[in-house]
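Worksheet: one structure, shown below.
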Amino acid sequence: MKPFEFFSPATLPEAARALADYQGEARALAGGTDLLIRMKRRQWTPRAVVSLNRLAGLNEIALNGELKLGARATLNQIIRSAAIREYFPALAHTARGMAGVQVRSLATVGGNLCNAAPSADMAPPLIALNARAVIVGVDGERVVPLDEFFVGPGKSVLQPGEILQTLLVPRPKENAFASYHKLEHRAAMDIAMVGVGVSLNVERSTFNVQHCADVRIVLGAVAPTPWRAKRAEEILRGNELTAERIAEAARVAAAEAKPIDDVRSSAWYRREMVEVLTRRQLQRLAETA
Ligand SMILES: Cc1cc2nc3c(=O)[nH]c(=O)nc-3n(C[C@H](O)[C@H](O)[C@H](O)COP(=O)(O)OP(=O)(O)OC[C@H]3O[C@@H](n4cnc5c(N)ncnc54)[C@H](O)[C@@H]3O)c2cc1C
0 MKPFEFFSPA TLPEAARALA DYQGEARALA GGTDLLIRMK RRQWTPRAVV SLNRLAGLNE
60 IALNGELKLG ARATLNQIIR SAAIREYFPA LAHTARGMAG VQVRSLATVG GNLCNAAPSA
120 DMAPPLIALN ARAVIVGVDG ERVVPLDEFF VGPGKSVLQP GEILQTLLVP RPKENAFASY
180 HKLEHRAAMD IAMVGVGVSL NVERSTFNVQ HCADVRIVLG AVAPTPWRAK RAEEILRGNE
240 LTAERIAEAA RVAAAEAKPI DDVRSSAWYR REMVEVLTRR QLQRLAETA
C-alpha cells in the first residue's frame, strides 16, 4: 500500500472539506471492504483517506413518513432493523444475501452504492423502491434520485468533496411489494452474475381484476450501471396483470439489458436469466398482492 494522509473528522463539513482539499485524490473510508482491498492491490492510490466513522448520525436508520437510511449503516444493521424488516423486507433480504457475516458487520450501504459496481446488490432494490440520495459537499446539500446516481462502472455523480449522507426511501403504499433476486455461482461470498429488483403496486378493479398501478424493474450486473427496464415497465403500468403480459414484460426487460461476456457469465446467459428472474418475481409479487 502506498503511504497516504489519514483524517478522522468529527463533522460532515470538515469531512467534505478534507476530501475537497485533495481535488479528487482523496477517498472516503466507510467499512473499507472495497477500499482497503483496492489500496492493497495498488489499484487505488489515494493521497488521503478520510474516515467517516466519527460522523454522528451517519449510521442511523429511522422511519417516520419515509425511511431515512444513513449511508454508513452496515449490512448487519439493515438486517437487524425492525422497521426495515417490517416495511422494506426486500432490503433486509438483499443485505442478508451479500458477502458473509464478518464482511457484513463492516460493509455499509453507502460504500456499496458509492463504489458504483454494476453488480452492487443494494442498488436494484433501492432504485425499485424509488430511493433518493442526499449528498453533502462543501457547497451544501443536494438530493438526487438514486436511478440518476450512477454514471458508469465505478463512477457516480459524486464530485470531489461530496459525501453520500442518507438514503430517503418512501414508505411503500398498501398493496405495493418489492423483491430482489440475484444469481451467483455459489450461495455466499459471491458477486452477482445477474440481479433483478422489482417493485409492484397492484390495484383491484370492481370485478376483482388485478391492475398494475405502478412498477419498477431494475437490472444489476447486465449494463455499465444498475439499469431500469423502462420499456418493460410501460407494458405493465396501468394495465391488467395477466400471465401473458408479465411474460412479455420479462422478454422486453431481457432485450433492454446490455450484458457483456466476462469471467462470471456469458452475455447470452445473463440475458436469459434477466427474463427468468423478472418474470418469476413479477408473478410472485402479483400473487402476494
Ligand atoms: C468477501 C467479500 C464479499 C463481498 N460480497 C459482496 C456482495 O455479495 N455483493 C456486493 O454488492 N458487494 C460485495 N462485496 C463488496 C463490498 O463489501 C460492498 O460493496 C460494501 O457494501 C462496501 O461498503 P464499505 O462500507 O466497505 O465501502 P468502502 O470500502 O469503505 O468504500 C467503497 C467506496 O465508496 C466510497 N464511499 C464509501 N462511503 C461513502 C460515502 N458515504 N460517501 C462517499 N463515498 C463513500 C469510498 O471512498 C470507496 O471509494 C464484497 C466484498 C468482499 C471483500
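Each residue of the sequence shown is one higher than the one before, starting from 0 at the first, in the working numbering. All C-beta atoms in this analysis are idealised placements derived from N, C-alpha and C, irrespective of residue type, glycine included. Everything numeric in this text was worked out from a predicted model, so none of it was measured.
- Looking at the DSSP output, residue 199 bridges to 176, 214.
- Between residue 137 and residue 160, the beta carbon gap of about 5 Å places them in contact (Cβ cut-off 8 Å).
- Residue 89 is a Cβ neighbour of residue 179, given a cutoff of 8 Å.
- Closest by C-alpha distance to residue 135, out of 150, 166, 120, is 166.
- Our two residues, residue 265 and residue 259, have alpha carbons roughly 7 Å apart in a direct line.
- The alpha-carbon separation between residue 71 and residue 107 amounts to approximately 5 Å.
- Sequence-distant Cβ neighbours of residue 263 in its own chain, meaning closer than 6 Å and more than five residues away, are 192.
- Going by C-alpha positions, residue 228 is about 43 Å away from residue 2.
- Around the beta carbon of residue 33, 16 or more other beta carbons lie within 10 angstroms, which makes this residue buried.
- Taking a cut-off of 8 Å on C-beta distances, the stretch 105-122 touches the stretch 62-80, as three or more cross pairs fall below it.
- For residue 60, the uninterrupted beta strand (DSSP E) run begins and ends at 60-62, by DSSP.
- Collapsing the DSSP output to three states places residue 124 in a helix.
- When the Cα atoms are used, residue 218 and residue 128 turn out to be separated by approximately 13 Å.
- Going by C-alpha positions, residue 56 is about 14 Å away from residue 66.
- Per DSSP, reduced to three states, the secondary structure at residue 50 is strand.
- Residue side-chain check: residue 118 places its Cβ nearer than 7 Å to a non-hydrogen atom of ligand 1.
- Taken atom to atom, the span from the alpha-carbon of residue 10 to that of residue 27 is near 13 Å.
- The beta-bridge partner set that DSSP reports for residue 4 consists of 47.
- As for any alpha helix (DSSP H) of minimum length 4 sitting wholly inside the stretch 57-97, the runs are 74-79, 81-86, 88-95, ordered along the chain.
- In the three-state reduction of the DSSP assignment, residue 164 falls in the strand class.
- Annotation for residue 36: the continuous alpha helix (DSSP H) segment containing it runs 34-39.
- Out of 213, 190, 267, the CA that lies nearest to the CA of residue 116 is found in 190.
- Pairing residue 114 with residue 288 gives a Cβ-Cβ distance that is not under 8 Å.
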